[in-house]
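Report on the structure given below.
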Amino acid sequence: MASEMILSVALVTRNRPEQLERCLRSLSAAAEPPEEVVVSDDSDEAFAPSTREVAETFGCRYVRGPRRGLYANRNHAASQCRGTHVRTVDDDHEFPTGHWRRVRDAIAADPEAVWVIGEYYGWAQVKEPVPVAPEVQPRGFSLPPRNPDASMAISDGATVYPRRVFAENRMLERFVFGSVYLEFGARLKARGYRIRHLPTTYIIHHSGPVRSYDLPLVQVQTAFLAAALTYGVYFPSWRAILECWGYFTLRALANQVHLLLKGTEACKDRFGMVAWWKTAQLYLHYRALFLSGAWARFT
1 MASEMILSVA LVTRNRPEQL ERCLRSLSAA AEPPEEVVVS DDSDEAFAPS TREVAETFGC
61 RYVRGPRRGL YANRNHAASQ CRGTHVRTVD DDHEFPTGHW RRVRDAIAAD PEAVWVIGEY
121 YGWAQVKEPV PVAPEVQPRG FSLPPRNPDA SMAISDGATV YPRRVFAENR MLERFVFGSV
181 YLEFGARLKA RGYRIRHLPT TYIIHHSGPV RSYDLPLVQV QTAFLAAALT YGVYFPSWRA
241 ILECWGYFTL RALANQVHLL LKGTEACKDR FGMVAWWKTA QLYLHYRALF LSGAWARFT
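Position 79, counted from 1, in the sequence shown is what this note's numbering calls 79; the numbers after and before it change by one each time, with no gaps.
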């Protein structure tokens with residue numbers, strides 16, 4: 001299988017040409033770089049020319065993104081890749097020495113697996129063991145899995161997929177940002193994909209004050225949706241789903257009181273009953289699609 005392997009990178013970027021340049025410089029320094037790097041650019045028109053120049057300077061294939069949010073761009077980038085395996089990358093990542101060799105070794109060892117890579121933040125000390133990407137919990141936050149070799153964890157910008165994963169599945173595009181990747185991992189596991197932690201390498205994540213999106217309400221809605229689908233549909237658990245719905249319902253009720261009495265400034269995420277109801281409707285929509293096997297309509 002190793003001789004047939006073609007490794008593609010699906011790199012997403014938006015309005016950050018300087019960060020993209022740092023990422024591509026790190027990637028191009030690899031002894032065994034990927035065969036293909038696709039840069040899918042969701043930048044505003046003011047940033048697009050400089051972003052394209054950076055991508056083409058490093059020999060990447062530049063494509064304009066759909067400009068409908070991170071996950072629509074992630075799907076778009078993956079769809080443009082021609083390799084046997086697709087490695088997601090974000091523009092604020094760097095890679096340690098030997099990273100791509102270890103990625104190839106993992107693919108060769110288990111080419112059908114989804115390989116998930118841990119991260120260190122740019123200011124953190126690198127030490128063993130490599131952090132494990134987390135799974136969604138009933139209240140929407142995430143924790144490391146009990147079994148990293150058969151989990152439902154996804155490292156949003158640092159996962160290796162067999163190409164067929166994106167041919168058969170799409171990340172949800174209804175939200176421009178948030179915890180959509182947590183739902184994607186649970187859905188893939190429910191569909192029979194094996195998700196494994198890659199313990200021999202990591203990425204360096206330069207998360208800074210400038211983010212592509214900063215949407216507190218969307219963060220809560222996507223956490224709610226990911227948890228509800230995981231424990232209400234993909235891996236049903238009465239205890240977990242009651243905890244999920246109870247927590248987010250009480251949170252929405254409490255926030256609604258603050259919104260009514262003190263206005264939007266008193267409630268940063270604005271997750272009131274209207275947002276709760278809209279998210280609940282999406283849950284019912286995706287639940288029906290999953291149970292009917294309508295995978296192509298999961299968007």
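Yeah, the Cβ is synthetic: ideal placement off N, Cα and C, and Gly gets one too.
Note that the structure is predicted; figures quoted are calculated from it, not measured.
- Under the criterion of beta carbons closer than 8 Å, Ala106 and Ala10 do not qualify as touching, at roughly 17 Å.
- Around the CB of Ala29, fewer than 16 other CB atoms lie within 10 Å, so the residue is classed as exposed.
- About 19 Å separates the CB atoms of Ile6 and Phe95; that is not less than 8 Å, and the two are not in contact.
- The way I'd put it, the stretch 66–81 does touch the stretch 171–189; three or more beta-carbon pairs between them come closer than 8 Å.
- For Pro162, the number of other beta carbons within 10 angstroms of its own is at least 16, and it is reported as buried.
- At a cut-off of 3 residues, the continuous stretches assigned as beta strand (DSSP E) that sit fully inside the stretch 166–238 are 195–205.
- Residue state for Ser43 is assigned as coil, using DSSP reduced to three classes.
- Nearest to Glu243 by C-alpha distance, out of Ala254, Thr84, Ala227 and Leu253, is Ala227.
- Scanning Asp269, Trp276 and Ser8 for the CA closest to the CA of Ser79 turns up Ser8.
- Where Pro49 is concerned, the enclosing alpha helix (DSSP H) starts and stops at Ala48 to Thr57.
- Counting every other CB atom within 10 Å of its CB across the protein chains shown gives Val136 a total of 16 or more, marking it as buried.
- The beta carbons of Ser151 and Ile195 sit closer together than 7 Å.
- Approximately 19 Å separates the beta-carbon atoms of Tyr234 and Arg164; this is outside 8 Å, ruling out the contact.
- Taking C-beta atoms as the reference points, Phe58 and Leu24 count as a pair closer than 7 Å.
- Between His205 and Tyr121, the gap from beta carbon to beta carbon is short of 7 Å.
- At a Cβ-Cβ threshold of 7 Å, Pro216 and Asp156 do not count as neighbours.
- Judged by DSSP secondary structure, Arg14 falls outside any beta strand (DSSP E); it is assigned neither H nor E.
- With a beta-carbon spacing of about 7 Å, Val114 and Val160 fall inside the 8 Å limit used to define contacts.
- Trp123 carries a coil assignment under DSSP once its states are collapsed to helix, strand and coil.
- Taking 7 Å as the cut-off, the Cβ atoms of Asp91 and Arg64 do not count as close.
- The Cβ atoms of Leu229 and Tyr286 sit closer than 7 Å to each other.
- Assigned with DSSP and collapsed to three states, Ser26 falls in helix.
- In the structure shown, Arg67 adopts coil according to DSSP, grouped into three states.
- Distances from the alpha-carbon of Thr97 to those of Phe141, Val126 and Leu20 put Val126 closest.
- For a cut-off of 8 Å, the C-beta gap from Ser50 to Thr13 is around 11 Å, too long to register as a contact.
- Sequence-distant partners of Glu21 (beyond 5 residues in either direction) whose C-beta falls short of 7 Å from its own C-beta, in its chain, are Val54.
- For Gly185, the closest alpha carbon among the candidates Ala133, Arg139, Phe224 and Ala254 is that of Ala133.
- As computed with DSSP, His85 is found in a beta bridge with Leu7 and Pro162.
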